[in-house]
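Undergrad: Following UniProt numbering, the numbering of the sequence shown begins with 1 at its first residue and continues without gaps. Every residue, glycine too, gets a C-beta built ideally from N, C-alpha and C. No experiment lies behind these values; they were computed from the predicted model shown. Just passing along the structure, written as structure tokens.
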Amino acid sequence: MGLTSPAQSRNTSRGPSRSHSRACSLHGADTPEVPPPALPVESAIDRLRGALERAKGAGLARDVLLAKAEALLRLKESQRQALQAMIAKASGSFERARRLGDADALKQIKEQLANLRTDDPVQLREAEQVRRRVHNALEDIKGHLRVFCRVRPLSDKERAMRDEVVVRMADGMRIELPRNGVFTFDGVFGPGSQEEVFEECKDLVQSAVDGHNVTIFAYGQTGAGKTYTLYGTPEQEGIAGRAITEVFKLVDGLRGSKGIVSASMFELYRNRLVDLLRKERRGKSPGPC
């Protein structure tokens, strides 16, 4: 029975390990590198925690946006119902005011409807229909045919000749002549301003934009002031220029529809109707229409 020394035992036990190590080393030269060790658990947890917080933040932001949208929808619906109630009330008030011929009440209803603000096309149409009915009722109260009188001041020539004014304004609707008595009109203007005269015609422009036929004209003997009243001066514009400006203002303010404006200008001269806007042909003056 043979015995071995401790040294020999250690050498014997280590031998296979060194041989295995060399084998692994040689084998490793022909295989991919071993990947680096995974991140520590704490780092992975931190990354997951951050992702979770970001997800919660996004969800919170979404919830806030949804809440705001729902609140806005509720507000819009509340406004729509309030406007609908206002239109219905205005329509009822209009019928009562029209039966009573209450012009002041009709004017108030008209102003309320003109100031109405909504994006709902249905409500816009309803409000516009009521406004037109109110406006037409006001014009009916004033009368379909209205005649106004404007008393002009003396001209420089008349003053030089020491002429005197013989027309006396009795009130806002009557004038008095020494020999001919009293004449009544729908309104009487003194020399006044052009703005004052146009204010009486302004509502007729609205009627024209609403689709009604409207005529405004001035008549009187030569030198009565017709041209000044209709056309005025650059500093004091007359009815024509102010009416054109008002037309474009009303068209620009149309809600839910568009308007097209066209113009023509004619002259009745010696029983011939002449188109003043037609282009001249080869230097000849415009002929009759």
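Less than 8 Å separating the beta-carbons of V147 and F198?
TA: Locating residue 147 in the sequence shown gives position 147, counting from the first residue. Locating residue 198 in the sequence shown gives position 198, counting from the first residue. The answer is no: Cβ separation not under 8 Å.
Undergrad: In angstroms, rounded to a whole number, what distance separates the CA positions of G187 and G172?
TA: Your numbering for residue 187 matches position 187 in the sequence shown. Your numbering for residue 172 matches position 172 in the sequence shown. When rounded, the distance between both Cα atoms is 6 Å.
Undergrad: Would you mind reading off the limits of the beta strand (DSSP E) that contains F189?
TA: Your numbering for residue 189 matches position 189 in the sequence shown. Where F189 is concerned, the enclosing beta strand (DSSP E) stretches over G187 to F189.
Undergrad: In angstroms, rounded to a whole number, what distance separates the CA positions of A243 and E196?
TA: Position 243 of the sequence shown, counting from 1, holds the residue named residue 243. Position 196 of the sequence shown, counting from 1, holds the residue named residue 196. About 13 Å.
Undergrad: Is the CB-CB distance between G225 and G232 below 8 Å?
TA: Counted from its first residue, the sequence shown places residue 225 at position 225. Counted from its first residue, the sequence shown places residue 232 at position 232. No, Cβ-Cβ distance for G225 and G232 is not below 8 Å.
Undergrad: Reducing DSSP to helix, strand and coil, say where residue 290 ends up.
TA: There is no way to answer for residue 290, as the model of the chain reaches only from 1 to 289.
Undergrad: Does the Cβ-Cβ distance between L250 and V214 come in under 8 Å?
TA: Residue numbering aside, residue 250 sits at position 250 when the sequence shown is read from its first letter. Residue numbering aside, residue 214 sits at position 214 when the sequence shown is read from its first letter. No.
Undergrad: Are the beta-carbon atoms belonging to E235 and K202 less than 8 Å from one another?
TA: Position 235 of the sequence shown, counted from the start, is the residue given in the question as residue 235. Position 202 of the sequence shown, counted from the start, is the residue given in the question as residue 202. No, these two residues do not count as a Cβ contact at 8 Å.
Undergrad: So, helix, strand or coil for L277, using DSSP?
TA: For the purposes of this step, residue 277 is taken as residue 277 along the sequence shown, with counting starting at 1. Coil.
Undergrad: Tell me, which residues are paired with V182 by DSSP?
TA: In the sequence shown, counting from the first residue as 1, residue 182 sits at position 182. Per DSSP, E176.
Undergrad: For R152, count neighbouring Cβ atoms within 10 angstroms of its own Cβ and tell me buried if that reaches 16, exposed if not.
TA: The residue given as residue 152 occupies position 152 in the sequence shown. With 16 or more Cβ atoms within 10 Å of its Cβ, R152 is classed as buried.
Undergrad: On the DSSP letters alone, give me the boundaries of the alpha helix (DSSP H) that R159 sits inside.
TA: By 1-based counting over the sequence shown, the position of residue 159 is 159. Segment D156 to A160, the alpha helix (DSSP H) holding R159.
Undergrad: Would you report the Cα separation of R174 and D163, rounded to the nearest angstrom?
TA: In the sequence shown, the residue the question calls residue 174 occupies position 174. In the sequence shown, the residue the question calls residue 163 occupies position 163. Taking the straight line joining both Cα atoms gives about 23 Å.
Undergrad: Could you name the residues that DSSP lists as bridge partners for Y219?
TA: Counting from one through the sequence shown, the residue named residue 219 turns up at place 219. Answer by DSSP bridge pairing: none, since Y219 is not bridged.
Undergrad: Compare the C-alpha of K157 against each of Q108, K258 and G223 and name the closest.
TA: Numbered from its first residue, the sequence shown carries residue 157 at position 157. Residue G223 is the option with its Cα nearest to K157.
Undergrad: So, with DSSP's three-state summary, where would you put G241?
TA: By one-based count along the sequence shown, residue 241 stands at place 241. G241: helix per DSSP, three-state reduction.
Undergrad: With C-beta atoms as the reference, is M169 less than 8 Å away from G190?
TA: Here residue 169 refers to the residue found at position 169 of the sequence shown. Here residue 190 refers to the residue found at position 190 of the sequence shown. By the CB criterion at 8 Å, M169 and G190 fall inside the cutoff.
Undergrad: Among all the DSSP beta bridges, which residues are the ones paired with R168?
TA: Counting from 1 along the sequence shown, the entry for residue 168 is found at position 168. Per DSSP, E176.
Undergrad: Can you check DSSP and say which residues form a bridge with G232?
TA: Your numbering for residue 232 matches position 232 in the sequence shown. Answer is E237.
Undergrad: Quick one: using the 10 Å Cβ neighbour count with 16 as the cut-off for buried, is R150 buried or exposed?
TA: Taking the first residue of the sequence shown as 1, we reach residue 150 at position 150. Label assigned to R150: buried.
Undergrad: Thinking P178 and V166 are a contact (beta carbons under 8 Å), I'd like their distance in whole angstroms, please.
TA: Looking up residue 178 in the sequence shown gives position 178. Looking up residue 166 in the sequence shown gives position 166. Yes, P178 and V166 are in contact; Cβ-Cβ is about 6 Å, under 8 Å.
Undergrad: If I measure Cβ to Cβ from L145 and keep anything under 7 Å in the same chain, skipping five residues before and after, which residues do I get?
TA: Start at 1 with the first residue of the sequence shown, and residue 145 comes out as number 145. Closer than 7 Å at the Cβ level, and outside the excluded window around L145, lies no residue.
Undergrad: Could you name the residues that DSSP lists as bridge partners for R272?
TA: Here residue 272 corresponds to residue number 272 of the sequence shown, with the count starting at 1. According to DSSP, which records beta bridges pairwise, R272 is partnered with Y269.
Undergrad: Using DSSP bridges, identify the partner residues of F148.
TA: Sequence index remark: in the sequence shown, residue 148 carries index 148 (1-based). The partner list for F148 (beta bridge, DSSP) reads G187.
Undergrad: So, are the CB atoms of S264 and L273 less than 8 Å apart?
TA: By one-based count along the sequence shown, residue 264 stands at place 264. By one-based count along the sequence shown, residue 273 stands at place 273. No, the Cβ-Cβ distance between S264 and L273 is not below 8 Å.
Undergrad: Using the three-state DSSP reduction, which class does D210 fall into: helix, strand or coil?
TA: For the purposes of this step, residue 210 is taken as the residue at position 210 of the sequence shown. Residue state, collapsed to three classes: coil.
Undergrad: Whole angstroms are fine: how far does the CA of D275 sit from the CA of T229?
TA: Walking along the sequence shown from the start, residue 229 turns up at place 229. Walking along the sequence shown from the start, residue 275 turns up at place 275. C-alpha separation (whole angstroms): 22 Å.
Undergrad: Around the C-beta of I260, are 16 or more other C-beta atoms found within 10 angstroms, so that it is buried, or is it exposed?
TA: Position 260 of the sequence shown holds residue 260. An exposed status is given to I260, since fewer than 16 other beta-carbon atoms sit within 10 Å of its beta-carbon.
Undergrad: Give the DSSP-derived three-state secondary structure of L254 in the structure shown.
TA: Sequence index remark: in the sequence shown, residue 254 carries index 254 (1-based). It is coil, neither helix nor strand.
Undergrad: Which of helix, strand or coil does DSSP assign to V261?
TA: Counted from its first residue, the sequence shown places residue 261 at position 261. V261 falls in the coil class under three-state DSSP.
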